[in-house]
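Line by line, the protein sequences give chains A, B and C. Using my numbering, read the first sequence as starting at 110 and increasing by one per residue. Using my numbering, read the second sequence as starting at 21 and increasing by one per residue. Using my numbering, read the third sequence as starting at 3 and increasing by one per residue. Virtual Cβ for every residue (Gly too), placed ideally from N, Cα, C.
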Amino acid sequence: MVAVVLFIALFLAVLVLLVVVGYLFSPRRPSETKERRFEAGGPPYGPVQRRLLMQYFGYVYLVTVVEAAVGLALVAVLTADAGRAALAPLAAALVVAIAAVVAVVWRYFKLLADVRRWG
Amino acid sequence: MDLPFPLSGDLIAALVFPGVLGIFGFLVVAIWLERKLVARVQWRYGPLYVSKPLGGLLQPVADLFKLVFSELVLPRHTNRLLFAAAPILLFFAEGIPVVFIAAAPGVVMAPHSYGLAIAVVLVLLVAVLVVAMAWTEADKFTYIGAMREILLTAAYEVPLLLAALAMFLLYGTADPHKVVEAQSGLWGVLLNPLAFVVYLVALLMATTRFPFEIPEAEPEVVLGPYTEYGSTLFIYAFGANYVKLYVLSLLGAVLFLGGWLPAAGVLGVLITLAKMGVFVLPAMLVRAIYPRYRIDQALRIGWGQLLALSAAAVLWSLLAAWIW
Amino acid sequence: MIIHLKLFATAVKQLLQPPLTVRWPEERRDYGDRLRGFIVNDRSKCISCQLCEAVCPAKAIKFHLEADGRRYPGIDWGRCILCGYCVDACPTGSLQHVNNTEIVWTDLDVYKKPSEMDPDDAAPLPGTKLLI
Numbered sequence: 110m111v112a113v114v115l116f117i118a119l120f121l122a123v124l125v126l127l128v129v130v131g132y133l134f135s136p137r138r139p140s141e142t143k144e145r146r147f148e149a150g151g152p153p154y155g156p157v158q159r160r161l162l163m164q165y166f167g168y169v170y171l172v173t174v175v176e177a178a179v180g181l182a183l184v185a186v187l188t189a190d191a192g193r194a195a196l197a198p199l200a201a202a203l204v205v206a207i208a209a210v211v212a213v214v215w216r217y218f219k220l221l222a223d224v225r226r227w228g
Numbered sequence: 021m022d023l024p025f026p027l028s029g030d031l032i033a034a035l036v037f038p039g040v041l042g043i044f045g046f047l048v049v050a051i052w053l054e055r056k057l058v059a060r061v062q063w064r065y066g067p068l069y070v071s072k073p074l075g076g077l078l079q080p081v082a083d084l085f086k087l088v089f090s091e092l093v094l095p096r097h098t099n100r101l102l103f104a105a106a107p108i109l110l111f112f113a114e115g116i117p118v119v120f121i122a123a124a125p126g127v128v129m130a131p132h133s134y135g136l137a138i139a140v141v142l143v144l145l146v147a148v149l150v151v152a153m154a155w156t157e158a159d160k161f162t163y164i165g166a167m168r169e170i171l172l173t174a175a176y177e178v179p180l181l182l183a184a185l186a187m188f189l190l191y192g193t194a195d196p197h198k199v200v201e202a203q204s205g206l207w208g209v210l211l212n213p214l215a216f217v218v219y220l221v222a223l224l225m226a227t228t229r230f231p232f233e234i235p236e237a238e239p240e241v242v243l244g245p246y247t248e249y250g251s252t253l254f255i256y257a258f259g260a261n262y263v264k265l266y267v268l269s270l271l272g273a274v275l276f277l278g279g280w281l282p283a284a285g286v287l288g289v290l291i292t293l294a295k296m297g298v299f300v301l302p303a304m305l306v307r308a309i310y311p312r313y314r315i316d317q318a319l320r321i322g323w324g325q326l327l328a329l330s331a332a333a334v335l336w337s338l339l340a341a342w343i344w
Numbered sequence: 003m004i005i006h007l008k009l010f011a012t013a014v015k016q017l018l019q020p021p022l023t024v025r026w027p028e029e030r031r032d033y034g035d036r037l038r039g040f041i042v043n044d045r046s047k048c049i050s051c052q053l054c055e056a057v058c059p060a061k062a063i064k065f066h067l068e069a070d071g072r073r074y075p076g077i078d079w080g081r082c083i084l085c086g087y088c089v090d091a092c093p094t095g096s097l098q099h100v101n102n103t104e105i106v107w108t109d110l111d112v113y114k115k116p117s118e119m120d121p122d123d124a125a126p127l128p129g130t131k132l133l134i
């Protein structure tokens with residue numbers, strides 16, 4: 110346990126320190142061009158040739174995160190010593206989490222389904 | 021040498037290998053090795069300016085100095101705190117899975133009977149932080165790079181899990197010490213070569229190495245998810261990739277190549293380090309060998325051939341575990 | 003499947019071969035002895051016939067009045083393409099090539115006067131790395 114805490118603390122400390130030291134000792138000459146978005150290529154002309162379908166990528170995002178997180182939770186619960194007795198709280202927690210996700214999706218459903226906002 | 025605290029195995033794991041020094045040391049050596057190997061394959065010299073007698077080994081350190089003391093630009097069109105925090109968080113989170121992997125008997129920070137399984141799942145979990153980082157950059161190139169990254173993650177996730185599962189089934193455990201002990205007869209690569217091949221390809225996909233260097237494809241998206249970063253944050257964003265390679269190679273060395281066998285202690289740590297090279301060297305060489313797949317070709321491979329191969333690896337493991 | 007192993011084998015084979023790069027400035031290319039390099043003028047042999055100025059395809063040679071009352075050629079190095087027509091055209095052989103192409107000036111005013119084209123102004127540079 111001590112080793113884990115030490116590792117996390119040292120790691121974060123080194124990372125943050127490097128950024129802070131860099132920021133303090135580096136030249137600071139801000140200009141409007143530097144703080145703009147990066148752009149490349151020529152200005153668009155003519156009709157759109159192919160659209161990037163943005164609205165479905167959220168699902169891919171969900172799949173990768175939720176799958177891994179739920180898997181971890183399942184493993185953590187099932188490998189705990191409680192065994193069968195832990196299934197009821199696990200089911201309750203899953204129901205609460207899914208209900209939260211459904212609530213958010215319900216509230217913003219119209220917004221999510223509006224293709225004009227994503228295209 | 022008397023220290024104020026006892027230098028136990030897990031402290032060595034936290035500080036030296038596979039802890040903080042290991043991660044940063046690997047970053048320096050891996051970047052140098054990549055540039056040197058690719059250059060030699062292409063009949064040129066590689067970086068030789070900085071430390072000529074060492075073969076240019078300190079070139080990444082010189083690059084680190086240059087980048088750290090460059091101007092740190094925080095753009096105006098996005099949340100500046102998140103912009104600065106995202107790469108730090110990504111780099112940190114990519115290094116977390118080493119907490120559960122053992123480099124030698126006792127040299128592990130958090131020994132857990134399901135340690136290696138937790139490490140694999142953690143590697144998959146932090147893949148989403150790249151997308152979060154790309155989102156804070158609020159740039160269309162980073163967005164496309166992030167979408168490619170998450171699609172690629174969805175492609176290699178299941179084969180990677182299945183390959184690890186195949187090895188866990190074969191050994192009957194996911195504890196790092198017991199996994200290595202189960203390999204005292206034959207190494208994992210000989211027990212289940214299918215799982216080894218799947219793991220290697222999934223490693224190339226996970227660290228976005230050629231031929232799967234799709235999110236960072238320079239001719240298509242300018243550096244993909246790391247486009248807007250400069251100075252120290254760029255080191256973290258770009259280096260997170262190398263930390264992932266470090267974690268996956270260490271995991272592969274323990275799962276497939278027999279970890280610290282046949283020695284223990286300091287020699288065991290060195291042997292683990294050498295075995296990591298079996299995964300790191302091909303990952304470095306592919307830069308000089310392969311062209312780049314399209315995203316749909318990579319997805320087809322991930323969900324087609326790779327998935328079938330990983331399912332076959334699990335079946336092989338079940339058969340082997342049932343026979344022996 | 004086999005093709006991947008073959009690719010790696012090719013990469014390793016090329017890894018073990020020596021590099022082709024010339025590590026300038028420690029090593030220099032050996033172009034051989036009769037390189038058409040920097041052009042120098044031996045003024046003791048020059049008869050100011052102006053054949054070099056007439057034959058130059060890039061109009062790089064212009065004649066200048068020198069202290070001894072005669073005119074000598076000066077080459078504009080921004081225009082000279084080192085083709086060697088002037089060396090071929092020179093009847094006395096006063097214009098010669100030197101075995102050196104790596105000439106660098108620190109000044110944009112690269113118009114060399116005749117007095118800066120003496121044979122001892124440009125030394126031949128021995129190459130250390132053969133091209134083959």
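Check, Outcome
"Assigned exposure category for D109 (chain C) - 16 Cβ within 10 Å defines buried", "exposed"
"Range covered by the alpha helix (DSSP H) that runs through I32 (chain B)", "G29 to L35"
"Residue range of the alpha helix (DSSP H) that includes I117 (chain A)", "V111 to F134"
"Range covered by the beta strand (DSSP E) that runs through V1 (chain C)", "The first residue shown for chain C is 3 and the last is 134, placing residue 1 (chain C) beyond what the model contains."
"Separation of F112 (chain B) from A106 (chain B), as counted between CA atoms", "10 angstroms"
"Inter-residue spacing [alpha-carbon to alpha-carbon] between A340 (chain B) and A194 (chain B)", "17 angstroms"
"Proximal chain B residues relative to G131 (chain A), where beta-carbon distance stays under 7 angstroms", "V88, F89, L92, S251 and T252"
"Min CB distance P95 (chain B) to chain A below 8 angstroms", "yes"
"Chain-order list of residues whose beta-carbon lies under 8 angstroms from that of E104 (chain C) (same chain, five-residue window excluded)", "R30 and L127"
"Start-to-end residues for the alpha helix (DSSP H) that takes in P302 (chain B)", "G285 to I309"
"Spatially closest choice to R138 (chain A) from B:L92, B:F276, B:V48 and B:G279, by CA coordinates", "B:L92"
"Three-way DSSP call (helix, strand, coil) for Y33 (chain C) in this model", "coil"
"Simplified DSSP assignment, three categories, for D159 (chain B)", "coil"
"Range covered by the beta strand (DSSP E) that runs through K64 (chain C)", "I63 to L67"
"Residues in the region 267–287 of chain B having any Cβ partner in chain A nearer than 7 angstroms", "none"
"Counted within 10 angstroms of its Cβ, other Cβ atoms place G66 (chain B) as buried (16 or more) or exposed", "buried"
"Q98 (chain C) - containing beta strand (DSSP E), residue span", "L97 to H99"
"Residue environment, K61 (chain C), which counts as buried when at least 16 other CB atoms sit within 10 Å", "exposed"
"For G259 (chain B), the residue or residues it bridges with in DSSP", "Looking at the DSSP assignment, G259 (chain B) forms no beta bridge with any residue, so it has no partner."
"Simplified DSSP state of D70 (chain C), which is helix, strand or coil", "coil"
"Where L189 (chain B) falls, given that 16 or more other Cβ within 10 Å makes a residue buried", "buried"
"Cβ-Cβ distance between Y176 (chain B) and P231 (chain B) below 8 angstroms", "no"
"Backbone CA spacing between E148 (chain A) and V242 (chain B) [nearest angstrom]", "10 angstroms"
"Selection from A:V111, A:A122 and A:R146 that minimises the alpha carbon distance to G250 (chain B)", "A:R146"
"Residue span of the alpha helix (DSSP H) that contains D83 (chain B), given as start and end", "Q79 to V88"
"Inter-stretch contact (C-beta, 8 angstroms, three-pair minimum) for the region 139–149 of chain B and the region 173–187 of chain A", "yes"
"Pair within 8 angstroms by beta-carbon distance, L338 (chain B) and V217 (chain B)", "no"
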